[in-house]
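Asks: Top line first, the protein sequences correspond to chains A and B.
Take the first sequence: its position 66, counted from the start at 1, is 66 in the working numbering, and no numbers get skipped.
Take the second sequence: its position 84, counted from the start at 1, is 265 in the working numbering, and no numbers get skipped.
C-beta atoms are modelled at their ideal positions from N, C-alpha and C, and glycine is treated no differently.
These numbers were taken from a predicted model, which means no experiment stands behind them.
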Amino acid sequence: MENPSDRSLVLRTKRGELEAYGDLVRRYQGLVFNVCYRMLGDPHDAEDLTQETFIRVHSHLDSYDCDRPFIPWARRIAVNLCLNYINRNRRYVLPLDDEFELAVSKERGPERAQEDHERNASLRQAISMLPANYRAVIELRHFQELSYLEISKALNIPLSDVKSHLFRARKSLAQRIATDV
Amino acid sequence: MSEDRMNHHGEWALQEYLDDVLADEDRERLELHLAQCDDCAAKYASLKYLYSEMERLPDEPLTHDISARVIRSISLKEDRKPYLYRVLMAQLAVAIIVFIAIWPRISLELVNRYSLVQLLEPLRKFEDLSAQGILFVREFLNWIHIQWIATLSMPAIDWPISGLPLALAVGGMTLLWLLGNGLLLRQPANGHIQP
Chain A
1 MENPSDRSLV LRTKRGELEA YGDLVRRYQG LVFNVCYRML GDPHDAEDLT
51 QETFIRVHSH LDSYDCDRPF IPWARRIAVN LCLNYINRNR RYVLPLDDEF
101 ELAVSKERGP ERAQEDHERN ASLRQAISML PANYRAVIEL RHFQELSYLE
151 ISKALNIPLS DVKSHLFRAR KSLAQRIATD V
Chain B
182 MSEDRMNHHG EWALQEYLDD VLADEDRERL ELHLAQCDDC AAKYASLKYL
232 YSEMERLPDE PLTHDISARV IRSISLKEDR KPYLYRVLMA QLAVAIIVFI
282 AIWPRISLEL VNRYSLVQLL EPLRKFEDLS AQGILFVREF LNWIHIQWIA
332 TLSMPAIDWP ISGLPLALAV GGMTLLWLLG NGLLLRQPAN GHIQP
């Protein structure tokens, strides 16, 4: 049987079919989890925020326009929730879970896997060291491929802030990665 | 893009170039500059490396399915909705009835306890500065007293306690009510969600 479209799942959810929403969650939980993981740097918190994102998305479905793609909207909600979460937890520490990195890389040969693992960990570490609003613009620009204007709208900040945050974030990341290489 | 901008905002222009948001003319000018300037070419290489590293950063697998927990949390919330609505409406009705019943008692108590003279006492020190203003305030308060407070005719329950303890009791009940509602309406999915 053909997979139902996001639109039909959303419409069924709006009619009160929670099973349809369960299908949507199963379909996109990995994507949303990765947004949260890149934003937070901690897989356990990322999982909690993934769950919270889907709960928030469900409670805002009435305002969602079914003709627009579902997952970009959900991922933007995830970014904003993560931003709020980081701002609420000022002393938030950002450990990186080695197990997660190794689980992916070890299939590709031990040396190459180790090399990849270190590079990925280094980049994740560098991202997680950025201020929260810099992380958000990096996430939206590089991983969700939004335009400057779309980022400005998603985060409700001026366009000039988007550009300056991006500029500073990338400069910092480039410097950090250069020293790690 | 001017030469000056290239010099002073080189990295900014490089990022815009990599983001593909530069106008054609600026893009061509930057490409020419990159071919001649080793310093900018090195910065460009460093940024391009960062872009490619981010592009190839792999997604991490979510180790288990969270959909069941999400659905359970939503179901709990949905189940509570009609119940909450009824409770809130009942609370509101009780609050209105209690307020109507006790307000005359409290207001009369306040009037007795704090007479018009006492209410105006803090204003006396300003009397020299603005006699007209004071007069206006005095007349206004007097008007309120005559028109409203002194003519309250709503039936008041004859509580066996005096006005102030009664007001404190109502205040305390209100606080408890707000606190109870806060707990009742508390989001179960706030930050950390338990399975």
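Between which two residues does the alpha helix (DSSP H) harbouring Met39 of chain A extend?
Replies: Sequence index remark: in the first sequence, residue 39 of chain A carries index 39 (1-based). Met39 of chain A -> alpha helix (DSSP H) spans 18-40.
Asks: Is the shortest distance between the beta-carbon of Ile177 of chain A and the beta-carbons of chain B less than 8 Å?
Replies: As a first step, residue 177 of chain A must be located in the first sequence, where it is residue number 177. Cβ-Cβ to chain B under 8 Å: yes for Ile177 of chain A.
Asks: Buried or exposed, going by whether 16 or more other CB atoms sit within 10 Å of the CB of Val162 of chain A?
Replies: Translated into positions along the first sequence, residue 162 of chain A becomes position 162. Val162 of chain A should be labelled buried.
Asks: Given that His142 of chain A touches chain B, what residues does it touch there, using C-beta distances under 8 Å?
Replies: Here residue 142 of chain A refers to the residue found at position 142 when the first sequence is read from its first residue. Those within 8 Å of His142 of chain A in chain B are Tyr232, Met235, Glu236.
Asks: Could you give the distance in angstroms between the alpha-carbon of Ile281 of chain B and the alpha-carbon of Ala348 of chain B?
Replies: Along the second sequence, read from residue 1 onward, the residue named residue 281 of chain B stands at position 100. Along the second sequence, read from residue 1 onward, the residue named residue 348 of chain B stands at position 167. Between Ile281 of chain B and Ala348 of chain B, the C-alpha separation is close to 13 Å.
Asks: Closer than 6 Å by C-beta to Arg170 of chain A: which residues in its own chain qualify, once you throw out the five before and the five after it? Chain order, please.
Replies: Indexing the first sequence from 1 puts residue 170 of chain A at position 170. Same-chain partners within the cutoff: there are none.
Asks: Between which residues of its own chain and Asp23 of chain A is the CB-CB distance below 8 Å, once the five residues before and five after are set aside?
Replies: Numbered from 1 along the first sequence, position 23 holds the residue referred to as residue 23 of chain A. Only Pro4, Leu9 meet the Cβ criterion.
Asks: Cα separation between Leu49 of chain A and Ser172 of chain A?
Replies: Here residue 49 of chain A refers to the residue found at position 49 when the first sequence is read from its first residue. Here residue 172 of chain A refers to the residue found at position 172 when the first sequence is read from its first residue. When rounded, the distance between both Cα atoms is 26 Å.
Asks: Could you list which residues in chain B have their beta carbon closer than 8 Å to that of Val10 of chain A, in chain order?
Replies: Taking the first sequence and counting its residues from 1, the one referred to as residue 10 of chain A is at position 10. What Val10 of chain A touches in chain B: nothing, since even the nearest Cβ is about 14 Å away.
Asks: Within 8 Å of any Cβ in chain A, is that where the Cβ of Glu241 of chain B sits?
Replies: Position 60 of the second sequence, counted from the start, is the residue given in the question as residue 241 of chain B. Yes, Glu241 of chain B counts as interfacial toward chain A.
Asks: Can you confirm whether Leu203 of chain B, when its beta carbon is compared against all beta carbons of chain A, has any partner nearer than 8 Å?
Replies: As a position in the second sequence, residue 203 of chain B is number 22, starting the count at 1. No, no contact with chain A.
Asks: Using a Cβ-Cβ cut-off of 8 Å, state whether Arg261 of chain B counts as contacting chain A.
Replies: Residue mapping note: residue 261 of chain B aligns to position 80 of the second sequence, counting from 1. No, Arg261 of chain B does not count as interfacial toward chain A.
Asks: Within a Cβ cutoff of 6 Å, which residues of the same chain sit near Leu152 of chain A, ignoring the five residues on either side of it in sequence?
Replies: Walking along the first sequence from the start, residue 152 of chain A turns up at place 152. The amino acid occupying residue 152 of chain A in the given sequence is Ser; Leu does not appear at that position. Once the five neighbours on either side are set aside, the close Cβ partners of Ser152 of chain A are Leu159, Val162.
Asks: Under the three-state reduction of DSSP, which class applies to Asp219 of chain B: helix, strand or coil?
Replies: By one-based count along the second sequence, residue 219 of chain B stands at place 38. In the structure shown, Asp219 of chain B sits in a helix (DSSP, three-state: H, G or I).
Asks: Check Ser5 of chain A in the structure and name its three-state DSSP category.
Replies: Position 5 of the first sequence holds residue 5 of chain A. DSSP places Ser5 of chain A in coil when its eight states are reduced to three.
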